[in-house]
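Worksheet for the structure shown next.
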Amino acid sequence: MMTNHHRKEFLGFIATAPPIVFPESLWMYICCPKPKVDRYGRPIEAPYGLRKIEAALQDAGFNAYIIDPDYLNKYVDQAKILMIGHHDYFAYGPPSSEWWLITKKEPINRRSFFKLMENEAVRVMKKKGVKIVVGGPAAWQWLWEPELVEKWGIDVIVEGEADKLIVDIAKKIMDGEPVPRYISIGAKESPGIDEIPLIKAPSVNGLVEITRGCPRGCKFCSVTLRPLRHIPIERILKEIEVNISHGIDHTILHSEDVVLYGALGIEPNPDALIKLHEEVVKKTKTLAWAHASLAAIAVAQRKHKLITRVTEIIYSNLNQNYLGVEVGIETGSPRLAQIIMPAKAMPFKPTDWPNVVEEAFSIMHDHNIIPAATFILGFPGEEPEDVVKTIELLERLKNYRSVIVPMIFVPMGALKSSEGGITGLNFTHEHAEAMRIAFWHTVRWAEDIINRYYLSKAYLMPVRALLKLFLIYAKKKMKELEKGFISRLESINLSLSRSSDSSVALEMVCRN
561 MMTNHHRKEF
571 LGFIATAPPI
581 VFPESLWMYI
591 CCPKPKVDRY
601 GRPIEAPYGL
611 RKIEAALQDA
621 GFNAYIIDPD
631 YLNKYVDQAK
641 ILMIGHHDYF
651 AYGPPSSEWW
661 LITKKEPINR
671 RSFFKLMENE
681 AVRVMKKKGV
691 KIVVGGPAAW
701 QWLWEPELVE
711 KWGIDVIVEG
721 EADKLIVDIA
731 KKIMDGEPVP
741 RYISIGAKES
751 PGIDEIPLIK
761 APSVNGLVEI
771 TRGCPRGCKF
781 CSVTLRPLRH
791 IPIERILKEI
801 EVNISHGIDH
811 TILHSEDVVL
821 YGALGIEPNP
831 DALIKLHEEV
841 VKKTKTLAWA
851 HASLAAIAVA
861 QRKHKLITRV
871 TEIIYSNLNQ
881 NYLGVEVGIE
891 TGSPRLAQII
901 MPAKAMPFKP
911 TDWPNVVEEA
921 FSIMHDHNII
931 PAATFILGFP
941 GEEPEDVVKT
951 IELLERLKNY
961 RSVIVPMIFV
971 PMGALKSSEG
981 GITGLNFTHE
991 HAEAMRIAFW
1001 HTVRWAEDII
1011 NRYYLSKAYL
1021 MPVRALLKLF
1031 LIYAKKKMKE
1041 LEKGFISRLE
1051 SINLSLSRSS
1061 DSSVALEMVC
1071 RN
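Each residue of the sequence shown is one higher than the last, beginning at 561 in our numbering.
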């Protein structure tokens, strides 16, 4: 499944769900339109991570190109290695797993990936001896699916930053040398700045990387296992120019924390962030941020009025009146914050976390920054009171324009061996209440966002209309759930099994 989500990254959330209300073809039209390709089947824009691997291989002299899955049949007689990257191969990541657990239907991204792996072109390639190498941010999911590794003949699984090592892997495969089936690239093997290649063709929606890694060390996140590196502005601008030269005049600055660009630790560097935006707005027509931390937003505005200064640069130079970004609330419980993510609130204390979250939301609301926020249910060691604290925080955020999406804990990062979450969650009335509050918050503000900011171009009017129909249906269904299921719920045991059929296990206990 390759797409640019109509150049609207938030629609990617819908791509992680099963088709609801509409038939699958219409659902795909809403969130995953087919990409434009050249006569060789090469997409005009492709996922940024794949572009990095493509560039590394081309720099090393390989005849390597990203091909749209629908055009693989053109290369069954030529291909030697088929490399596949995916954000969420089997829908075990968030928010796919939440959709799956709640609806009991397979998410569309999983279904699409199975169609790819079982199509004729891939089968013929495998029969001809083509080696299959898989990687990307969801590489860990293959360890949950050993039967499919065997069934589809996966030769190499690469987990971690492969910009540098992928060349060595490709050379060994081409020379017939043995390669381990599973390769984990740790922090010490992660590439330095000069070893990260520059993309040679456009990335989806003009995404360019400004940092790698994260200094906060949250236990549930795999990104914090990698060293923090800041990409020099001249390299960032070169990649923006690659996108612009192919007609991609929108830019997404990608980082785990855009506000910390150029910082030595968790305190923003005003000069570096201002300089970055001053240079970027000279190149692009519109701009978005991939991620920012709420603590960084709060301290940046408190100490330097930095959010005001940066948004003034954006809105005064570009044709846009809002800025999109993803942020992580994670929990409203100071107790859990201290255990799971003690540095998430820094330079503030974990005990101040709910106040930090609300302050950052207020700052974003005042500056027309629209966050897509997430929080996590089912952390290891979570108590009912922790969920109540999250509910209380969600109530405090109701007046701030945002989309808030609940997620269920996925064992990753330092907690990858932990039980709970999608592997077995006692889903309680408190969990359901947190999801209910987040739903009504998101529906209320989604309608406002669509009407005031989003999907305003004429060619997107059909998508806009379909989204509004979906919201009408969703509100109706939630009202039905509130009267029945939620009011009676005491607890449900939820889990996704780690097997090839990956059935959803449910055991429900209701209130009298």
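For glycine and all other residues, C-beta sits at the position ideal for the given N, C-alpha and C. Here the structure is a predicted model, which means the values were calculated and not measured.
Check	Outcome
Could you check the C-alpha separation between Ala1018 and Asn879 for me, to the nearest Å?	17 Å
Quick check: the Cα distance between Ala933 and Asn877, rounded to an integer number of angstroms?	27 Å
For a minimum of 3 consecutive residues, which ranges assigned as the beta strand (DSSP E) are wholly contained in the segment 669-730?	691-695, 716-719
Ignore the nearest five residues each way along the sequence and tell me which others in Val709's own chain have a CB closer than 7 Å to its CB.	Trp702
Decide if Lys1039 is buried, meaning its Cβ has at least 16 other Cβ atoms within 10 Å, or exposed.	exposed
Would you call the segment 785-803 and the segment 743-759 in contact, with 3 or more CB pairs under 8 Å?	yes
What residue does the alpha helix (DSSP H) around His991 start on, and which one ends it?	989-1012
Using a Cβ distance threshold of 8 Å, determine whether the segment 948-958 contacts the segment 640-649, with at least three qualifying pairs required.	no
Can you look up Phe573 in the DSSP assignment and give me helix, strand or coil?	helix
Looking at the unbroken alpha helix (DSSP H) that takes in Gly609, where does it start and where does it end?	608-619
Given Cys1070, which residues of its chain have a CB within under 7 Å of its CB, disregarding the five upstream and five downstream residues?	Its pLDDT being 40, under 50, Cys1070 is placed unreliably by the model, and the measurement read from it follows with that caveat. So the list reads Arg1048, Leu1049, Glu1050, once near-sequence residues are dropped.
Along the chain, where does the alpha helix (DSSP H) that runs through Leu1027 open and close?	1021-1043
My output table needs one value for Tyr635: the three-state DSSP class, helix, strand or coil.	helix
Taking Ala639 as the reference, which of Asn1053, Ala730, Val739 has the closest Cα?	Ala730
Please return the same chain residues whose Cβ sits closer than 8 Å to the Cβ of Glu1073, not counting the five positions on each side in sequence.	The chain is shown from 561 up to 1072; residue 1073 falls before or after that span and cannot be answered.
Run through DSSP, which three-state label would Pro931 get?	strand
Quick check on Glu816: does DSSP put it in helix, strand or coil?	coil
Check for me: the alpha helix (DSSP H) holding Pro914 runs from which residue to which?	913-926
Beta carbon of Ile1089, beta carbon of Ala606: below 8 Å?	Here the chain comprises residues numbered 561 to 1072, so residue 1089 is not present and cannot be evaluated.
The alpha helix (DSSP H) spanning Leu661 covers which residue range?	656-663
Quick check: the segment 568-583 against the segment 712-720, are at least 3 beta-carbon pairs closer than 8 Å?	no
In angstroms, rounded to a whole number, what distance separates the CA positions of Ile793 and Ser962?	30 Å
Pull the bridge partners of Ser876 from the DSSP assignment, please.	Looking at the DSSP assignment, Ser876 forms no beta bridge with any residue, so it has no partner.
In terms of DSSP beta bridges, what is Ile644 paired with?	Val694
In the DSSP assignment, find the alpha helix (DSSP H) that holds Met901 and state where it starts and stops.	Looking at the DSSP string, Met901 is not in any alpha helix (DSSP H), and its letter there is neither H nor E.
Determine the DSSP secondary structure at Pro966, reduced to helix, strand or coil.	strand
Could you give the C-beta distance for Val597 and Asp628, rounded to a whole number, given that I count them as a contact under 8 Å?	5 Å
For His806, which of helix, strand or coil comes out of DSSP?	coil
Cβ of His837 within 8 Å of Cβ of Ile873?	yes
Using the Cα positions of Glu1067 and Lys664, report the straight-line distance between them to the nearest angstrom.	Low per-residue confidence applies at Glu1067: pLDDT is 40, beneath 50, and the placement is therefore not dependable enough to give any value.
Can you check which of these residues, Lys842, Ala974, Ile826, Asn765, is closest to Pro603 by C-alpha distance?	Asn765
Determine whether the beta carbon atoms of Ser782 and Gly973 lie at a separation below 8 Å.	yes
Hey, could you find the ends of the alpha helix (DSSP H) Met666 is sitting in?	Just to set this straight, residue 666 is Glu in the shown sequence, not Met. Note, Glu666: premise wrong, no alpha helix (DSSP H); not H, not E.
Can you tell me whether Lys688 is buried or exposed, with buried defined as 16 or more other CB within 10 angstroms of its CB?	exposed
Does the distance from the CB of Leu661 to the CB of Leu1056 come in under 8 Å?	yes
When the Cα atoms are used, what is the spatial distance from Glu680 to Tyr635?	12 Å
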